[in-house]
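Read in order, the letters of the sequence shown correspond to residues 1 to 225 in full-length UniProt numbering.
For glycine and all other residues, C-beta sits at the position ideal for the given N, C-alpha and C.
Here's the structure we're looking at; comments come further down.
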Amino acid sequence: MLKAVLFDMDGVIVNTEPLHRKAYHLMFEDVNINVSEALYTSFTGQSTRAICETLVEHFNLPISPQTLIGLKRDHFKYLFENDEALALLPGVFDLIKDYYNRGLTLVLASSASMENINNIFNRFELNPYFVAKLSGADLKASKPHPEIFENAAFISGYNRHECMVIEDSTNGIKAAKDAGIFCVGYDSLHSEDQDYSLADLVVSDFKDLAYPKILKQFNALVAQK
């Protein structure tokens, strides 16, 4: 029986990817590196720390990952505060409220920093609906490592087979499945070049995750395992 839903944030609740993309590319310019589209796409779902550690190693940069993190976050902070177009993804707020009113336990499990998570949650008044918020930036390993979803399931108070993850990235889906948790791949217009083959279910509209519908599918698929 479905008891808890573990949400990713970027690409699932809000589309901050354009802001992150601008912030990263401004940081790339700051340190004079040329990051290919293929390399950038491979970072989707990973924490800023993990990405910056990879960049320092890949380009043999004479600076620390923490320096890159600071540059990127300064750019993102400015963009976040000045971009009025930022909005929740269509249908997700109704889905969150519906799950909450149905008695499901909601946990946020994002690779974003806790500062960014809190900024989003405060801006869109999401805090009342979630029992906890986890940041991959606070963990030793980033997605696709399963640690964040293992921790999120534990915090929810339910067994992993009673939880469901909603993810939009290849790395996030792998993390959920390696944690042994049912995973929905959310294939939105904003999700580019991501692999959903490991997901238990793939949707492109949150209406397909309405409580009665997903409960029936969740129970049927879990019963087969």
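Could you give the DSSP three-state label for residue i: helix, strand or coil?
{"i": "A4", "result": "strand"}
{"i": "K174", "result": "helix"}
{"i": "E125", "result": "coil"}
{"i": "D168", "result": "coil"}
{"i": "L79", "result": "helix"}
{"i": "K143", "result": "coil"}
{"i": "V35", "result": "coil"}
{"i": "S42", "result": "helix"}
{"i": "V158", "result": "In the sequence under discussion, the amino acid at residue 158 is Tyr, which differs from the Val named in the question. In the structure shown, Y158 sits in coil (DSSP, three-state: anything other than H, G, I, E or B)."}
Are residue i and residue j closer than 8 Å when you measure CB to CB?
{"i": "G11", "j": "S113", "result": "no"}
{"i": "V165", "j": "D187", "result": "no"}
{"i": "L108", "j": "K133", "result": "yes"}
{"i": "V184", "j": "L88", "result": "no"}
{"i": "F182", "j": "F218", "result": "yes"}
{"i": "F93", "j": "L19", "result": "no"}
{"i": "S135", "j": "S110", "result": "yes"}
{"i": "Y129", "j": "Y100", "result": "yes"}
{"i": "D98", "j": "Y211", "result": "yes"}
{"i": "L86", "j": "M27", "result": "no"}
If I measure Cβ to Cβ from residue i and keep anything under 8 Å in the same chain, skipping five residues before and after, which residues do I get?
{"i": "D205", "result": "G91"}
{"i": "Y158", "result": "K3, A4, T105"}
Counting contacts by CB-CB distance shorter than 8 Å, is residue i in contact with chain B?
{"i": "R123", "result": "Protein chain content of the structure displayed is limited to a single chain, and chain B is not contained in it."}
Using only the alpha-carbon positions, how far apart do residue i and residue j sit?
{"i": "R49", "j": "L221", "result": "35 Å"}
{"i": "K177", "j": "E162", "result": "14 Å"}
{"i": "I33", "j": "L39", "result": "12 Å"}
{"i": "K3", "j": "S156", "result": "9 Å"}
{"i": "I214", "j": "D208", "result": "7 Å"}
{"i": "Y24", "j": "Q224", "result": "43 Å"}
{"i": "K72", "j": "M1", "result": "41 Å"}
Give every residue of the same chain whose Cβ lies closer than 6 Å to the Cβ of residue i, excluding the five residues on either side of it in the sequence, and list them in chain order.
{"i": "F124", "result": "L88"}
{"i": "S47", "result": "S111, G136, A137, S142"}
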